[in-house]
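Using this note's numbering, the first residue of the sequence shown is number 1, and each one after it goes up by one. In this text, a Cβ means the ideal position worked out from N, Cα and C, and glycines have one as well. Predicted, not measured: the structure shown is a model, and the values here were computed from it.
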Amino acid sequence: ENKKGYWENSEVQTINEAVLKLLGGAWYFPGDFVEGWQEILGMPEMLKRAEQFLSDKPANFLFKDPRTSICLPFWLKVKPDLKLVMVLRHPLDVARSLESRKFSISLPLGLNMWAEYNRRIIYDGPENILCVVQYENFFDNKPEEMKVLLGGLKGFVADEVESSEIDKVSDLNLRNQGAEIRKEECDPALLVFYRKLIAVHGLQKDSESFRDGIKGVRNYLMEDPVFNSYRKKAPANIQKGLEFANKLSEE
1 ENKKGYWENS
11 EVQTINEAVL
21 KLLGGAWYFP
31 GDFVEGWQEI
41 LGMPEMLKRA
51 EQFLSDKPAN
61 FLFKDPRTSI
71 CLPFWLKVKP
81 DLKLVMVLRH
91 PLDVARSLES
101 RKFSISLPLG
111 LNMWAEYNRR
121 IIYDGPENIL
131 CVVQYENFFD
141 NKPEEMKVLL
151 GGLKGFVADE
161 VESSEIDKVS
171 DLNLRNQGAE
181 IRKEECDPAL
191 LVFYRKLIAV
201 HGLQKDSESF
211 RDGIKGVRNY
221 LMEDPVFNSY
231 RKKAPANIQK
241 GLEFANKLSE
251 E
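Here it is as structure tokens:
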């Protein structure tokens, strides 16, 4: 657990949780935005709530909630020009972090969640991505990664951000998962996906190359037989997600 907090916006979190529930899912079991999702009972009210939430916010208002990754059709319906910062982290690091929390999500389910969260950002919001930042670099090479972040946010936040402000939310001692776990098995399709995103991260000095890189990853996700074979195996992990949901409801 992060003792400094996760800095997630409570209202956005509440809206995302409600939207996922209306879709028959949850943060650990993403629901699908099927045709006509806007008319699902209760969804129009959530759209109005999100519109009201954003209506009095300044143009440079930023919010964080990972669930937004799997609720993008909803938020892009509310605000089509919503801008995204994609935070990239190794899939095994994410899965191990989820496994170590009090809910103890299984490693296969955690890996499947990593795949779906990242896939949906690329699939649903490719034109809305301002930049891709690499989680590990904020610990290993913070000054350079801050340049990537602030370059993507140019025009939205001040050009100069005090290092002390960043230190308030980053602490090397709170990094519980790292390279030592990467010898464990991870589906090759996820590693290819991850490496393609790493390659996009390196293209950000040229906006056209960056955009082409995002499109290339999206095409890979849509057409690559290996990745889609992995997704076809996902029902087994989804079943584990449902079992996890039942366990939570009983507690």
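Length of the line joining the Cα atoms of residue i and residue j
| i | j | result |
| --- | --- | --- |
| S207 | N118 | 21 Å |
| L82 | Q204 | 19 Å |
| Q52 | P225 | 42 Å |
| G151 | R120 | 24 Å |
| E136 | S69 | 20 Å |
| S55 | N9 | 16 Å |
| Y6 | R101 | Only weak support exists for where Y6 lies, its pLDDT of 48 falling under 50; the coordinates are left without a value. |
| G213 | R195 | 12 Å |
| D32 | P58 | 31 Å |
| P44 | W37 | 10 Å |
| Y123 | N219 | 9 Å |
| M86 | K232 | 25 Å |
| A199 | L22 | 36 Å |
| D140 | K77 | 37 Å |
Neighbourhood of residue i by C-beta, 6 Å cutoff - its chain only, sequence neighbours within 5 removed
| i | result |
| --- | --- |
| Q134 | L88 and H201 |
| V12 | F63 and D65 |
| Y230 | D187 and A189 |
| M113 | none |
| L197 | L88 |
| V94 | W114 |
| L107 | A95 and E99 |
Sequence-distant residues of its chain with Cβ nearer than 7 Å to residue i (five each side left out)
| i | result |
| --- | --- |
| A18 | M46 |
| A105 | Checking the displayed sequence, the identity of residue 105 turns out to be Ile instead of Ala. Within the same chain, I105 has close Cβ partners Y28, L98, E99 and F244. |
| C186 | P91, L92 and L111 |
| G216 | none |
| L84 | I121, G125, N128, I129 and L130 |
| V148 | C131, V133 and Q204 |
Identity of the residue in the options nearest residue i by Cα
| i | options | result |
| --- | --- | --- |
| F227 | F193, A95 and P66 | F193 |
| G42 | N128, N219, L20 and P66 | L20 |
| E116 | F61, D140, P80 and L72 | L72 |
| N60 | V78, L153, I198 and L197 | L153 |
| K79 | L191, K48 and K232 | K48 |
Status (buried if at least 16 other CB within 10 Å, exposed otherwise) for residue i
| i | result |
| --- | --- |
| F138 | buried |
| K183 | With a pLDDT of 49 at K183, under the threshold of 50, the modelled position of this residue cannot be trusted, and the question is left open. |
| I15 | buried |
| P30 | buried |
| E39 | exposed |
| R96 | buried |
| V34 | exposed |
| G125 | buried |
| G24 | exposed |
| M222 | exposed |
Chain-order list of residues whose beta-carbon lies under 8 Å from that of residue i (same chain, five-residue window excluded)
| i | result |
| --- | --- |
| W75 | A50, T68 and L82 |
| L254 | Only positions 1 to 251 of the chain appear in this structure, which leaves residue 254 out of reach. |
Counting beta carbon pairs with one atom in the stretch 142–149 and one in the stretch 207–222, are three or more of them shorter than 8 Å? In short, these stretches do not touch, since the Cβ pair count stays below three.
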